[in-house]
Structures are given as C-alpha cells and as structure tokens.
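Novice: Read in order, the letters of the sequence shown are residues 69 to 370 in our numbering. C-beta: ideal position from N, C-alpha, C; glycine also. All values reported here derive from a predicted model rather than from experimental measurement. Dropping the structure in here first, questions after.
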Amino acid sequence: MTLPTKVAPTIHTSAAQPATPTTTPWSAPDNQRDSGQAVVELKNADLAFGDRVLWRDLNLTIREGEYFAVLGSNGTGKTSFLKVLLGLLPLTRGTVSVTGERPGAASRHVGYVPQQRGFSPRTPLRARDLVAQGIDGHKWGIRLHSRAVNERVDELLDKVGAGDYANAPVGLLSGGEQQRLRIAQALATDPELLLCDEALLSLDLNHQYIVSELVNQQRVDSGSAVVFVTHDINPIIDHVDRILYLAGGSFKIGTPDEVMRSEVLSELYGADIEVLRSNGRIIVTGRPDNTHHISSQEGLIP
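And the structure:
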C-alpha cells in the first residue's frame with residue numbers, strides 16, 4: 069500500500085476558528101486505478117446538535133481507490149459521518165457531494181455494510197434472497213428472479229465465499245457468514261463508494277480479517293473508495309491509506325503513521341495518551357476524560 073507523503077500533524081478543534089485541514093493527494097498502488105476521481109467531497113462542513121459540536125470546518129476529499137478509516141470513541145460522530153454521506157443527516161453548514169451528486173441521489177453508486185446483527189432463526193429468507201435484495205430492491209421472502217439476477221447472485225456469493233450455503237436460511241448462519249452476505253449485497257451494483265459501519269463488530273478474530281479482506285478486494289478489483297468506520301483499526305491497518313480521527317469536537321486527518329502517535333492523540337484528547345506498537349498491532353492506552361466515553365481501566369483501542 070502506497071501512503072501519501074508525510075506532512076506535519078495538525079489538530080483541528082471547535083474551540084476556535086481552525087485552520088483549513090490539509091488533505092494529501094492519494095497515491096494509488098500500481099495495481100489500481102490512478103484517475104484521481106473525487107468520490108466524496110466535504111467543504112467547510114460543520115455538524116452539530118444544538119451546542120454539541122461533532123466537527124467544524126471539515127474539508128476533505130476521498131478519491132477513487134482510497135481506503136479511508138474513521139476512528140474515535142463512542143459519541144464523537146463516526147456513524148453520523150456515514151449518515152451525512154448517505155443523505156440521512158444534513159450538515160449544519162457547508163457542502164457535501166458523493167460521486168458528484170448530492171447525498172441520497174447517489175445511492176445507486178453507494179454500497180453499505182452495516183454492523184452485524186443476527187437474524188431470527190425463523191426469518192423466511194435464504195442467503196441468496198438476502199443478496200438479491202441488493203439487485204432488485206429490499207423485498208422480503210423467497211421470490212422468483214430472472215436468470216440474469218440469479219446469475220449475478222451466484223457470482224456475488226462465489227466472490228465472498230458463500231456459495232456453499234446459498235440456499236440456507238439466513239437465521240441459521242453464523243455472524244461471520246451473515247456478514248459475508250451483507251458484503252455481497254453491498255457489492256451488487258459494483259459501487260463507486262463502499263461504506264462500512266462497524267462491520268467487524270461482534271465477529272470473531274478470524275471473520276474480522278476475512279471480512280476486512282473481502283472489503284479491500286472490492287477496492288483492488290474495482291477501484292471503489294472505502295470509508296470504514298471502526299473502533300479498532302488493527303484488522304484493517306494493512307489496507308488503510310488515511311484516517312479521520314474524531315474526538316470531542318476536534319479531528320485529525322492523516323496517514324496511520326501521522327495520526328496514531330502518542331503526541332497527536334494526547335493533543336487531540338487533551339489527556340496523556342500512549343500509542344504502542346507490537347507485532348504489527350496498535351494499542352492505545354490513556355486516561356481521557358468522561359466526555360470521550362473511553363474506559364481508562366481497559367485502555368483505548370480506537
């Protein structure tokens with residue numbers, strides 16, 4: 069993975085008028101498209117709920133083929149960021165575009181992978197029916213599909229390694245198997261932008277890495293931009309180009325090496341934070357105040 073040229077870390081806070089964030093142009097690996105097409109653009113973007121500011125003056129461009137992670141503790145605006153891109157939440161100020169259109173209007177170009185939530189064992193839906201919803205709409209139950217739809221479903225099931233349980237009831241599958249199906253559903257239209265909202269939550273370590281690889285493979289194969297919201301960067305660290313780290317109304321944008329540093333996170337949180345690296349993993353420990361919703365007993369793994 070080729071990372072952008074290193075720049076000096078800059079912290080942006082809502083306490084005073086922040087400087088315009090610096091975003092480094094993405095440099096694509098040799099095996100990926102390098103058109104530089106902007107998939108997501110935010111300009112002078114503010115998001116607040118009353119007096120509670122999630123971010124202010126966010127200027128950001130995410131380009132085709134970029135793997136972009138959004139980190140932060142609970143309540144800092146990670147999921148709200150995705151809602152803005154999906155057109156479900158308006159900005160307080162500023163503009164946002166997705167694939168050159170307003171959010172919502174670009175839905176046909178956007179794939180979405182939600183958190184893993186198990187289906188009831190009695191859910192009247194087969195694995196292939198769940199995937200087909202990404203092609204012909206979100207309609208429940210077993211339906212008769214055209215040959216073209218069935219062929220596309222088979223292709224998607226094979227792509228995520230779920231062909232062996234194509235006709236199994238979704239409620240009888242494991243969490244990891246269900247998440248494979250959600251990825252297949254999200255890839256049905258070969259999206260330009262793939263949004264993942266804590267897509268690894270509740271999965272065992274093996275399935276975390278399997279799902280991470282499936283998401284990255286879409287980026288490699290099709291040049292899709294990936295925006296991955298997560299509380300733990302480790303399963304995706306090898307793929308990530310840049311990070312947006314949100315904390316208490318402040319944010320930092322940069323490469324993993326630029327953002328995941330003791331001095332950067334300490335300034336961001338206003339507390340002593342230590343970033344440790346061991347065997348390729350990143351562990352963050354510290355004592356942020358309660359407004360950041362982080363347990364000082366267990367430490368922080370973003």
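From residue 203 to residue 291, what does the alpha carbon distance come to, in whole angstroms?
Specialist: Looking at the two C-alpha atoms, the distance is approximately 20 angstroms.
Novice: Under three-state DSSP, which class holds residue 212?
Specialist: Note on residue 212: pLDDT 49, under 50, position unreliable in the model; the coordinate value appears next. Coil, per DSSP.
Novice: DSSP has residue 313 in a bridge; who is on the other side?
Specialist: Paired residues: 139, 320.
Novice: Report, in whole angstroms, the separation of the C-beta atoms of residue 159 and residue 151, which I expect to be a contact under 8 angstroms.
Specialist: Wrong, their Cβ atoms sit about 11 angstroms apart, outside the cutoff.
Novice: Among 139, 339, 342, 191, which has the Cα closest to the Cα of residue 238?
Specialist: Residue 191 is the option with its Cα nearest to residue 238.
Novice: Quick one: residues in its chain with C-beta nearer than 7 angstroms to the C-beta of residue 253, no 5 flanking neighbours on either side, listed in chain order?
Specialist: 198, 199, 201, 202, listed in sequence order.
Novice: Pull up the distance between the alpha-carbon of residue 146 and that of residue 217, whole angstroms please.
Specialist: Residue 146 and residue 217: Cα-Cα distance of roughly 34 angstroms.
Novice: Between residue 342 and residue 108, what straight-line distance do the alpha-carbon atoms span, to the nearest angstrom?
Specialist: Near 32 angstroms, if we compare the C-alpha coordinates of residue 108 and residue 342.
Novice: In its own chain, which residues sit with a C-beta less than 7 angstroms from the C-beta of residue 174, not counting the 5 before and 5 after it?
Specialist: Here the set comprises 166, 167.
Novice: Would you call the CB atoms of residue 257 and residue 133 closer than 8 angstroms?
Specialist: In this structure, residue 133 does not lie closer than 8 angstroms to residue 257 by Cβ.
Novice: Indicate whether residue 284 and residue 135 have their beta-carbon atoms separated by less than 8 angstroms.
Specialist: Against a cut-off of 8 angstroms, the Cβ pair of residue 135 and residue 284 comes out as a contact.
Novice: How would you call residue 298, buried or exposed, if buried means at least 16 neighbouring beta carbons within 10 angstroms?
Specialist: With 16 or more other Cβ atoms within 10 Å, it is buried.
Novice: Whose C-beta lies closer than 6 angstroms to the C-beta of residue 248 among residues of the same chain, with five residues either side of it excluded?
Specialist: Excluding sequence neighbours, residue 248 sits near 228, 230.
Novice: What would DSSP say about residue 114, mapped onto helix, strand or coil?
Specialist: Strand, per DSSP.
Novice: Kindly give me the distance between the Cβ atoms of residue 195 and residue 137, rounded to whole angstroms, as I take these residues to be in contact under 8 angstroms.
Specialist: Not quite, the Cβ-Cβ distance comes to about 29 angstroms (not below 8 angstroms), so this is no contact.
Novice: Please name the residue in 335, 336, 130, 328 whose C-alpha comes closest to that of residue 352.
Specialist: If we check each option's Cα against that of residue 352, 328 comes out closest.
Novice: Just verifying my parser: in three-state terms, what is the DSSP assignment at residue 199?
Specialist: DSSP places residue 199 in helix when its eight states are reduced to three.
Novice: Given that a residue counts as buried once 16 or more other Cβ atoms are within 10 Å of its Cβ, and exposed if not, what is residue 117?
Specialist: Counting Cβ neighbours within 10 Å, residue 117 comes out exposed, since fewer than 16 surround it.
Novice: Given residue 120, which residues of its chain have a CB within under 7 angstroms of its CB, disregarding the five upstream and five downstream residues?
Specialist: Excluding sequence neighbours, residue 120 sits near nothing in its chain.
Novice: Drop a sphere of 10 angstroms on the beta-carbon of residue 219, count the other beta-carbons inside from all chains shown, and report buried for 16 or more, exposed for fewer.
Specialist: With fewer than 16 Cβ atoms within 10 Å of its Cβ, residue 219 is classed as exposed.
Novice: Could you name the residues that DSSP lists as bridge partners for residue 349?
Specialist: 346.
Novice: Cβ of residue 115 within 8 angstroms of Cβ of residue 148?
Specialist: In contact: residue 115 and residue 148 (Cβ atoms closer than 8 angstroms).
Novice: Ignoring anything shorter than 3 residues or poking outside the region 232-308, list the beta strand (DSSP E) runs there in chain order.
Specialist: Whole beta strand (DSSP E) segments, 3+ residues: 261-265, 293-297.
Novice: Hey, could you find the ends of the alpha helix (DSSP H) residue 165 is sitting in?
Specialist: Here residue 165 belongs to no alpha helix (DSSP H); instead the beta strand (DSSP E) covers 161-166.
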